[in-house]
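Peer 1: Heads up: the sequence shown at position 59 corresponds to 58 in numbering that gives the first Met the number 0, and the numbers run straight through without jumps.
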Amino acid sequence: MLAACAPSFPLGKRRAIAVERVASFPLLMMDAQFAVRRSFDAACRLAGVKPNILMESRTPHSLLAMAEAGHGVAIIPSQLQTHRYGLRIVGVTFQGRPLREPMLILWDKRRPQPRYVTAFCEMLAQHVKTVFPISRPSRAPGQH
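#1: Taking the alpha carbon of S145 as the reference point, which residue from Y84, D107, A41 and F39 has its own alpha carbon closest?
#2: Does the distance from the C-beta atom of A31 to that of V48 stay below 8 Å?
#3: Closest to G95 by C-alpha separation, out of V35, A42, L27 and F24, would be which residue?
#4: Assign A3 to one of three DSSP states: helix, strand, or coil.
#5: Determine which residues share a DSSP beta bridge with L27 and list them.
#6: In the structure shown, what three-state DSSP assignment does F33 receive?
#7: Which of helix, strand or coil does DSSP assign to E44?
#8: Run through DSSP, which three-state label would F119 get?
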């Protein structure tokens with residue numbers, strides 16, 4: 000899970016931000032149908048903070064555009080491509096650990112599995128390890 004904001008937004012210089020801290024900023028959030036939103040809300044409840052939600056949307060690119068314009072901090076999944084926007088990206092943490100969503104492949108046990116399923120799962124896992132997260136935390140000015 001990542002936080003995206005305009006480079007001038009006062010998030011600090013680190014590459015990660017605690018959920019307790021980011022919750023106080025005006026937040027641009029996916030609506031409650033999205034797993035990233037439910038996970039963020041759960042982390043806020045566990046941390047004992049109420050998020051300052053400015054806007055909700057079903058389209059993550061609307062949130063990124065609002066963040067780029069300086070209206071707040073968009074909370075987004077790492078698989079969202081952000082390279083088209085002038086944003087600072089930082090990881091969101093809870094108790095010092097990154098907030099993450101597990102990925103899985105589901106199969107109905109009532110149906111026979113083709114022989115390629117295991118190989119496909121292994122190849123997909125290797126690919127995901129290589130490319131995720133697509134959006135990575137930005138380096139703050141002066142960081143190397």
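Glycine residues also receive a C-beta, built at the ideal position from the N, C-alpha and C atoms.
None of these values were measured; they are calculated from a predicted model.
Peer 2: Taking the geometry as given:
#1: With the chain running from 0 to 143 in the structure shown, residue 145 is simply not present.
#2: Taking a C-beta distance under 8 Å as the contact criterion, A31 and V48 do not qualify as a contact pair.
#3: It is A42 whose Cα lies nearest to the Cα of G95.
#4: A3: strand per DSSP, three-state reduction.
#5: M54 and A73.
#6: Collapsing the DSSP output to three states places F33 in coil.
#7: In the sequence under discussion, the amino acid at residue 44 is Arg, which differs from the Glu named in the question. Here R44 sits in helix by DSSP.
#8: The answer is helix: DSSP assigns F119 an H, G or I state.
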